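Have a look at the structure below before the remarks.
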Amino acid sequence: MSAVATLEYYTLDDYRHWKGDWELIHGVPLAMSPSPGVEHQRVARRFQRQFDEAFDQCPQCEVFYDIDVEFSADTVTRPDVLVVCNPLDGDRITRAPTLIAEVVSPNTARRDEQSKFQLYRDEGVSYYLLLYPKQAKAKVYRLVDGDYRKVGDFHRERCSIELPECEVDVDFARLWT
Numbered sequence: 001m002s003a004v005a006t007l008e009y010y011t012l013d014d015y016r017h018w019k020g021d022w023e024l025i026h027g028v029p030l031a032m033s034p035s036p037g038v039e040h041q042r043v044a045r046r047f048q049r050q051f052d053e054a055f056d057q058c059p060q061c062e063v064f065y066d067i068d069v070e071f072s073a074d075t076v077t078r079p080d081v082l083v084v085c086n087p088l089d090g091d092r093i094t095r096a097p098t099l100i101a102e103v104v105s106p107n108t109a110r111r112d113e114q115s116k117f118q119l120y121r122d123e124g125v126s127y128y129l130l131l132y133p134k135q136a137k138a139k140v141y142r143l144v145d146g147d148y149r150k151v152g153d154f155h156r157e158r159c160s161i162e163l164p165e166c167e168v169d170v171d172f173a174r175l176w177t
């Protein structure tokens, strides 16, 4: 029997009954443990705060952290930070956010750089940012014609993120200090 034939397949209904922290990508459960460390939380909070401050002037966009995104009946992720620039339907996020940022650790690097990169691209997430606290570095990708194009690598520089209704000037130096 092949390894593929023995893989179990789960759905959003299964996911909603699990205890602990999980993500579900194309029916495959992925544990989210151990929980994020202090530096991970600091970087995510500082990133989220820049968008939160910018959105005081933009009533269309909203920033969230550590919330499930239900992409389909077999795919749910919990990005570190995400931005939604359209009205929400109910209490769950069920459409692709405009922006997703993941804080990358050694435990999550492969998932963030490969699986989620492909997933978010295929789902139409306009911006995908990978934040690396240990290197004080960020990689910014923008969706262009259905594929991610790298905007650049940032350490202490600024980067303008053009959202549908507003623009956010991200100061990466503020994340690492």
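Sequential numbering from 1 applies to the sequence shown in the UniProt record's numbering. C-beta: ideal position from N, C-alpha, C; glycine also. As the structure is a computational prediction, the values presented were derived from the model and not from experiment.
- request: With a floor of 3 residues, list each beta strand (DSSP E) that falls wholly inside the region 36–124, ordered by position along the chain.
  value: Fully enclosed beta strand (DSSP E) runs of 3 or longer: 62–65, 69–72, 75–77, 81–84, 99–103.
query: Roughly how many angstroms lie between the CA atoms of Phe-117 and Pro-79, to the nearest whole one?
result: Phe-117 and Pro-79: Cα-Cα distance of roughly 12 angstroms.
query: Thinking C-alpha only, which one of Ala-173, Val-170, Leu-163 is nearest Gln-60?
result: Selection Ala-173, Val-170, Leu-163 evaluated against Gln-60 yields Leu-163 as nearest (Cα-Cα).
query: Tell me the DSSP bridge mates of Asp-153?
result: Per DSSP, Lys-139.
query: Taking the C-alpha atoms as reference points, what is the distance between Ile-100 and Phe-51?
result: If I take the Cα positions, the gap works out to 12 angstroms.
- prompt: Rounded to the nearest angstrom, how far is the Cβ of Tyr-10 from that of Leu-30, given a contact under 8 angstroms?
  reply: Rounded to the nearest angstrom, the Cβ distance from Tyr-10 to Leu-30 is 11 angstroms, too far for a contact under 8 angstroms.
query: Run through DSSP, which three-state label would Trp-18 get?
result: Trp-18 sits in coil when the DSSP states are folded into three classes, being neither helix nor strand.
field: Contact belief for Tyr-127 with Val-144 at Cβ below 8 angstroms, rounded distance in angstroms
entry: Contact between Tyr-127 and Val-144 is ruled out by a C-beta separation of about 11 angstroms, above the 8 angstroms threshold.
message: For the beta strand (DSSP E) containing Leu-130, name the first residue and the last one.
response: Membership of Leu-130 in the beta strand (DSSP E) is indicated by the continuous run 127–132.
message: So the candidates are Arg-149, His-40, Asp-13, Leu-88; which of them puts its Cα closest to the Cα of Asn-107?
response: Taking Asn-107 as reference, the option from Arg-149, His-40, Asp-13, Leu-88 with the minimal CA-CA separation is His-40.
- prompt: What's the gap between the Cα of Arg-158 and the Cα of Gly-90?
  reply: A direct Cα-to-Cα measurement between Arg-158 and Gly-90 gives close to 34 angstroms.
- prompt: Between Leu-131 and Val-103, which are expected to be in contact by the criterion C-beta below 8 angstroms, what is the C-beta distance as a whole number of angstroms?
  reply: With a Cβ gap of about 5 angstroms, Leu-131 and Val-103 count as contacting.
- request: Consult DSSP for Asp-13 and reduce its assignment to one of helix, strand or coil.
  value: Asp-13: helix per DSSP, three-state reduction.
task: Over the uninterrupted beta strand (DSSP E) stretch that includes Leu-30, give me the two end residues.
output: Leu-30 -> beta strand (DSSP E) spans 28–31.
- request: If I'm right that Arg-121 touches Tyr-148 with Cβ under 8 angstroms, what's the distance once you round it to whole angstroms?
  value: Confirmed, Cβ separation roughly 5 angstroms.
- request: Mark Pro-133 as exposed unless 16 or more other C-beta atoms lie within 10 angstroms of its C-beta, in which case mark it buried.
  value: Pro-133 comes out buried.
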